[in-house]
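Those letters in the sequence shown? Residues 18 to 584, per this note's numbering, in order. C-beta atoms are modelled at their ideal positions from N, C-alpha and C, and glycine is treated no differently. Remarks on the structure that follows.
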Amino acid sequence: MNEEIVREQRGGEDSSSSVIPKSPTASASMTLASAALESHTTTTITTASSNPPTSGAGASVSPSSPSASASASALATASASASSGQERQPLQLPLLNATDMRELREIKQLLWGDNVREDVFKRWSQGFEFSKVEPSALVQKQGGPCAVIAPVQAYLLKIIIMDLPGVKLSEIPLDKSQNLLIQALCNILKNCRAPRYRIVHLLRRRGNATEAGSTKERSPVGEAGSAPAGQAAGSSEEVEVAAEATPASVNDLSQDLQLDQDMHRELSPDEFHERLHTLHFDDIAAVARYYMENYGQLAHTYGVLLFMYSVFLTKGSELVAADISDTSEPLIHSTYGYGGQSLINLMLTGRAVAHVWDNEQDVGGLKLRGICEQSDIGFITLMEQMRYCTVGSFFKNPRYPVWVMGSDTHLTVLFSNEKRLVSPETPSETGRRIFKSYDPEGNNFISTTMLREVLAALNLVSEPAYVALMQKRLDPENLGIILLNAFMDEFFPLERRSTPDTFELMHYNGIPGSNENNKVRYYCGSAILLEGDLKSICTSNPMVTCLQTKWPNIEINWHDAHMPSLN
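Below, the structure written as structure tokens:
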């Protein structure tokens with residue numbers, strides 16, 4: 018009984034590229050995670066490479082911190098390889114990978130829980146689509162997938178800021194935006210620090226039966242009754258690559274039209290999960306070329322979901338579950354469809370921890386893990402001003418001037434070309450951050466008994482006699498507390514901000530209804546840092562309230578009559 022893998026068309030156009038690209042220096046393998054192949058069955062597909070495929074890991078890229086230049090280099094390599102007329106070599110497909118099957122089931126459970134609600138799944142079913150008036154801005158069609166779209170948009174903007182200084186955002190051509198999107202996706206995948214990239218691919222089957230019989234497939238995440246991992250199927254099955262030739266008959270043309278209809282047909286959650294397959298790549302250049310040659314996998318209906326599953330599978334379901342700690346609640350809310358903080362953190366940092374503070378905090382004897390290092394992209398949230406959480410310095414002071422902004426219902430992106438907004442911490446900023454780490458409730462004071470620990474963390478003198486002297490000096494009324502302002506005045510009297518007093522900020526909201534004339538675009542404003550701390554919750558202006566969690570004394574004047582929205 019034969020099954021066919023049909024090459025998907027890129028935006029409705031014919032594609033002559035291979036289903037699985039392969040770089041000359043790395044092996045790429047495709048695991049059919051939804052079919053139990055017999056142990057004696059071997060099949061091949063063609064791959065663009067001047068070297069024969071290897072059975073080992075090839076020249077794997079060291080899983081280090083991602084950089085825009087590395088992704089750009091990978092994309093350039095992929096583009097050059099994809100456009101070259103190199104001889105195609107057959108690549109032998111491996112047998113069924115039991116690990117991928119098991120992990121896809123576990124990932125489905127982590128994301129959706131026991132049942133996938135049809136309406137929530139439909140809200141998440143969208144591809145990566147750019148705005149018609151802002152060529153580098155992604156459009157979010159319904160509420161929910163901002164947990165993936167906003168981090169991807171943030172990484173895309175980071176690449177523009179660092180690699181394309183001075184570029185006019187409204188004049189970026191579509192093909193360049195698509196390349197930037199692929200670089201952003203590769204950045205996020207590299208954050209997972211995995212030895213191999215496992216990309217989830219959606220197989221679109223023809224609706225008619227093959228000559229040998231039905232095209233029914235077994236699913237890695239389906240119900241009980243599918244063939245166990247590694248067990249031979251009841252009959253000999255093969256996977257064939259669809260022919261690249263132009264349809265030579267009316268029958269062929271009819272089949273192609275049927276395929277096109279199937280590609281755009283909405284799938285139920287079960288149908289979607291039944292058609293998931295995985296591809297393995299040893300380096301990020303091979304991943305970039307795969308996305309270039311199979312861009313339809315990103316742009317069509319399930320592009321966002323496929324990329325999210327790829328991040329989870331590349332990270333590994335066991336590592337994700339270990340980061341989350343409490344897996345009793347699904348990462349996607351079963352009623353409202355929004356993504357949890359663990360999902361957001363995984364997309365931003367490569368770790369699915371549930372909290373946004375720095376390092377670990379002891380809460381009632383439990384060690385709760387937060388962000389362990391400075392991230393590429395920052396995160397600030399209105400919920401901090403409402404005292405629902407505490408965002409640490411690693412998120413508030415990222416490597417690049419791009420922040421995902423959270424409200425109670427949605428995620429947007431704030432960014433700037435002013436690189437001094439993320440300059441290295443001054444000693445006084447370090448002192449303030451360390452002091453606040455011992456003040457988890459944000460009271461702006463600590464117990465006098467904690468002074469020695471704070472001084473030791475700052476590498477200041479922490480001898481008992483000196484600490485006792487400072488306790489009396491900082492707490493003259495013997496109240497048992499030391500105020501933040503008194504601490505800063507004593508140890509950092511000449512505080513100087515590394516942040517400029519005035520700078521430009523830009524804001525992105527991917528939901529058309531939250532933009533002027535329902536057209537997604539960027540909004541620019543001029544910010545100024547005042548002398549005093551405002552620190553007041555302005556319910557009529559949640560944008561400013563959220564910005565004050567990062568810059569307590571900020572004021573901003575937007576250049577447009579339309580006020581940007583966090584929702």
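- Around the beta-carbon of Lys-175, 16 or more other beta-carbon atoms lie within 10 Å, marking it buried.
- Judged by DSSP in its simplified three-state form, Val-370 adopts coil rather than helix or strand.
- Put simply, the backbone Cα of Leu-219 is about 11 Å away from that of Phe-324.
- Residue Lys-149 holds the alpha-carbon nearest to the alpha-carbon of Lys-536 among Lys-149, Gly-144, Lys-139.
- Cys-203 places its beta carbon less than 8 Å from that of Ala-305.
- Fewer than three beta-carbon pairs drawn from the segment 371-380 and the segment 153-164 are found closer than 8 Å, and the two stretches are therefore not classed as touching.
- Per DSSP, reduced to three states, the secondary structure at Trp-141 is helical.
- Its chain contains Ile-205, Leu-206, Cys-209, Leu-363, Met-364 as the residues whose beta carbon lies nearer than 8 Å to that of Val-328, once the 5 sequence neighbours on both sides are disregarded; these appear in chain order.
- Ile-545 and His-294 have their C-alpha atoms spaced approximately 51 Å apart.
- When the alpha-carbon of Arg-119 is set against those of Gly-333, Tyr-214, Asn-584, the nearest one is in Gly-333.
- When DSSP states are grouped into helix, strand and coil, Phe-147 belongs to the strand group.
- Using a Cβ distance threshold of 8 Å, Met-523 and Ser-433 count as a contacting pair.
- With contacts defined as CB atoms closer than 8 Å, Cys-563 and Ile-397 qualify as a contacting pair.
- Rounded to whole angstroms, the separation of the alpha carbons of Ala-303 and Ile-499 is 55 Å.
- Here DSSP, grouped into helix, strand and coil, assigns Val-484 to helix.
- Taken through DSSP and simplified to helix, strand or coil, Tyr-172 comes out as helix.
- Taking a 10 Å sphere around the C-beta of Val-419, we find 16 or more other C-beta atoms and assign the residue as buried.
- The C-beta of Met-422 has 16 or more other C-beta atoms within 10 Å across all chains shown, which makes the residue buried.
- Judged by DSSP secondary structure, Ser-334 falls within the alpha helix (DSSP H) whose first and last residues are 334-341.
- As the crow flies, the alpha-carbon of Phe-411 is around 43 Å from that of Arg-282.
- In the three-state scheme derived from DSSP, where H, G and I count as helix and E and B as strand, Ala-474 is classed as helix.
- Going by DSSP, Gln-378 is part of the beta strand (DSSP E) stretching over 377-380.
- The DSSP-derived three-state label of Gly-423 is strand.
- In the three-state reduction of the DSSP assignment, Tyr-326 falls in the helix class, which pools H, G and I.
- Cβ-Cβ distances below 6 Å link Arg-450 to Ser-410 in the same chain, with the five nearest sequence neighbours on each side left out; the list follows chain order.
- Cα atoms of Tyr-525 and Leu-399: separation of roughly 16 Å, rounded to the nearest angstrom.
- Take the alpha-carbon of Lys-384 and the one of Ser-454: they are about 14 Å apart.
- Per DSSP, the beta bridge partners of Phe-396 are Val-421.
- According to the DSSP secondary-structure assignment, Lys-384 is paired through a beta bridge with Asp-379.
- With 16 or more other Cβ atoms inside 10 Å of its own Cβ, Ser-359 counts as buried.
- Within the same chain, and ignoring the five residues on either side of Val-321 in sequence, the residues whose Cβ sits closer than 7 Å to its Cβ are Trp-141, Gln-143, Gly-144, Phe-145, Pro-162, Val-165, Ile-166.
- Taking the CA atoms as reference points, Asp-287 sits about 41 Å from Asp-180.
- Bridge partners of Asn-574 according to DSSP: Ser-543.
- His-350 has no beta-bridge partner at all, per DSSP.
- Linking Ser-543 to Asp-492 through their CA atoms gives a straight-line distance of about 41 Å.
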